[in-house]
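Protein chains: 2
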Amino acid sequence: MMENEIFRALADPTRRSIFEKLAAGGMNASSLRDGMEISQPAMSQHLSVLRKAGLVREERQGRFVNYEVDPDGLLLIARWLGKYRAYWPARIDALKILLKDMEP
Amino acid sequence: MMENEIFRALADPTRRSIFEKLAAGGMNASSLRDGMEISQPAMSQHLSVLRKAGLVREERQGRFVNYEVDPDGLLLIARWLGKYRAYWPARIDALKILLKDMEP
DNA sequence: GAATCACATAAGCCTATGCTTATGTATTCT
DNA sequence: AGAATACATAAGCATAGGCTTATGTGATTC
């Protein structure tokens, strides 16, 4: 799981939508498609990209595969953001406090 | 400046390198190229993408153009990350405290 | 004011990427 | 066992994205 894969995964708006949907609660690939106008293979491919980036993880349940947000990916983004804390605007200045714990 | 432009800008490793270099201190486009094996037009194009994404801002100084990190872009990422605070791993749990201030 | 410098833009090429249709692979149901 | 369901993978296509070479533009220097 690399920084590069994460940002490339999030560069696609459809994938960010999928991720956002999963953040509201884990679900299987079919449920994810509901109301999304996306083909089954396209969804499968997007989930694969998200999974390889560490943003999402899967768990087989019978013939369904349940997907959920993987905190590991979010941690990497937080770390990336942390590198630039010197430039954070004042509104998130408080973040500085916790950054000590975030350093690799 | 949109969320989409930000993530797409950061999806390219060269652009993340440029951004990281700028985070160490503002400088002009030529200085940015030093030790980077990148053509002048390529650098100019990357800077344009970063600027349109709100990650970088420019200031003309004579015939040089000085670039520096734009905190606005970072704020957007922080906001995006904030949406998923429920999934942040324990190590950045402290972030929750400040999130009240980050909400739009 | 002509040459030079710093940078931006244009046009074209090549690869990456997201989609489609078709097919493969588990798992469940009858 | 056979059909159906849920999903993954393969192959092909069309567009997007990053690079290159060439040229344009604004500022400085001689």
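Protein sequences appear in the order of chains A and B.
The first sequence begins at 55 in my numbering and counts up by one.
The second sequence begins at 55 in my numbering and counts up by one.
Where a beta carbon is used, it is the ideal one built from N, C-alpha and C, also for glycine.
These figures come from a predicted structure and were not determined experimentally.
Would you say residue i reaches chain A, if we count a Cβ-Cβ gap shorter than 8 Å as a contact?
i, result
"residue 58 of chain B", "yes"
Please list, in chain order, all residues of the same chain as residue i whose beta carbon is under 8 Å from its beta carbon, the five residues on each side excluded.
i, result
"residue 128 of chain B", "109"
"residue 82 of chain A", "115, 118, 119, 120, 121"
Against residue i, what residues of chain A qualify as contacts under a CB-to-CB distance less than 7 Å, listed in chain order?
i, result
"residue 141 of chain B", "77, 123, 125, 128"
"residue 22 of chain B", "The requested residue 22 of chain B is not part of the displayed model; chain B covers only 55 to 158."
To which residues of the same chain is residue i closer than 7 Å at the C-beta, ignoring the five residues directly before and after it?
i, result
"residue 124 of chain A", "108, 109, 110, 111"
If we call anything under 8 Å between Cβ atoms a contact, is residue i one with residue j?
i, j, result
"residue 142 of chain B", "residue 57 of chain B", "no"
"residue 65 of chain A", "residue 138 of chain B", "no"
Measuring only between beta-carbons, confirm whether residue i sits less than 8 Å from chain B.
i, result
"residue 157 of chain A", "Only weak support exists for where residue 157 of chain A lies, its pLDDT of 45 falling under 50; the value from the coordinates is given anyway. With 8 Å as the cut-off, residue 157 of chain A does not count as an interface residue toward chain B."
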